[in-house]
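For the sequence shown, the residue numbers in our numbering are 2 to 171.
By construction, the Cβ of each residue, glycine as well, lies at the ideal position given by its N, Cα and C atoms.
None of the values given here were measured: they were computed from a predicted structure.
First up is the structure itself, then whatever we jot down about it.
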Amino acid sequence: MVEYYKSNPSRKVYFHIVGALSGEREEMDILPLINENDLASYVLLYGPLWGEKLDEMFNKAHFGIGSLGRHRSGIDVIRTLKNREYAARGIAFGYSETDDDFDSKEYVMKFPANESPIDIEKIMKYCDNNTIAPSEIRESVKFLSWSHQMSIVINEIKFPSNDSHRNGNG
2 MVEYYKSNPS RKVYFHIVGA LSGEREEMDI LPLINENDLA SYVLLYGPLW GEKLDEMFNK
62 AHFGIGSLGR HRSGIDVIRT LKNREYAARG IAFGYSETDD DFDSKEYVMK FPANESPIDI
122 EKIMKYCDNN TIAPSEIRES VKFLSWSHQM SIVINEIKFP SNDSHRNGNG
């Protein structure tokens, strides 16, 4: 956002962050950046939210930001709840890791897994041109529902596959 606002943009972009900062290190890294770059009006920190208040935040969203920076801890393949929550709510989103459930979806933007700034203009163009309805996004993740996933487990229990590893032969 620093790069975006340095360009004196005509459109305002707000980054709503819900959830607690994950410790002193994150507070020491993030809060000074927000203040030093005069972004306090655009980067809004809410802390943990639940229920209707969380729903209100999701309803405001035009685009979701999933996991970024996981490359710093050596993680490049991950299946975050955040990605699934955005999709279940019909919100297009972006992230930098690999998530096989979403990597090929049209409503997902992939960001580089490095320290380069996220291109806010690119996200805005994507949002301006996105024709995928929230209902289509929600429909695309029905296979991730608990009932569908549990039906796979139940079917495997009822009708075990012929897998030598499970039979102790592997």
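Contact under 9 Å by Cβ, residue i with residue j
i	j	result
L22	I31	yes
P113	S97	yes
E122	Y43	no
G1	G95	Because the chain here runs from 2 to 171, residue 1 falls outside it and cannot be looked at.
G65	S136	no
Y15	L45	yes
Distance, residue j Cα to residue i Cα
i	j	result
P49	M58	11 Å
V19	S141	25 Å
M2	L145	32 Å
V154	S148	10 Å
M151	P33	45 Å
V109	R12	22 Å
I79	A88	16 Å
D130	P10	For clarity, residue 130 is Asn in the given sequence; the question names Asp instead. Cα to Cα, N130 sits roughly 19 Å from P10.
A93	I138	8 Å
E53	D100	28 Å
I124	E157	42 Å
Where residue i sits in the DSSP three-state scheme
i	result
M2	coil
K111	strand
G91	coil
L32	helix
G52	helix
V14	coil
L45	strand
I66	strand
N156	helix
First through last residue of the beta strand (DSSP E) which encompasses residue i
i	result
V142	First-last for V142: undefined, no H or E at that position.
L22	From DSSP, L22 is part of no beta strand (DSSP E); its letter is neither H nor E.
For residue i, the first and last residue of its enclosing alpha helix (DSSP H)
i	result
K126	121 to 130
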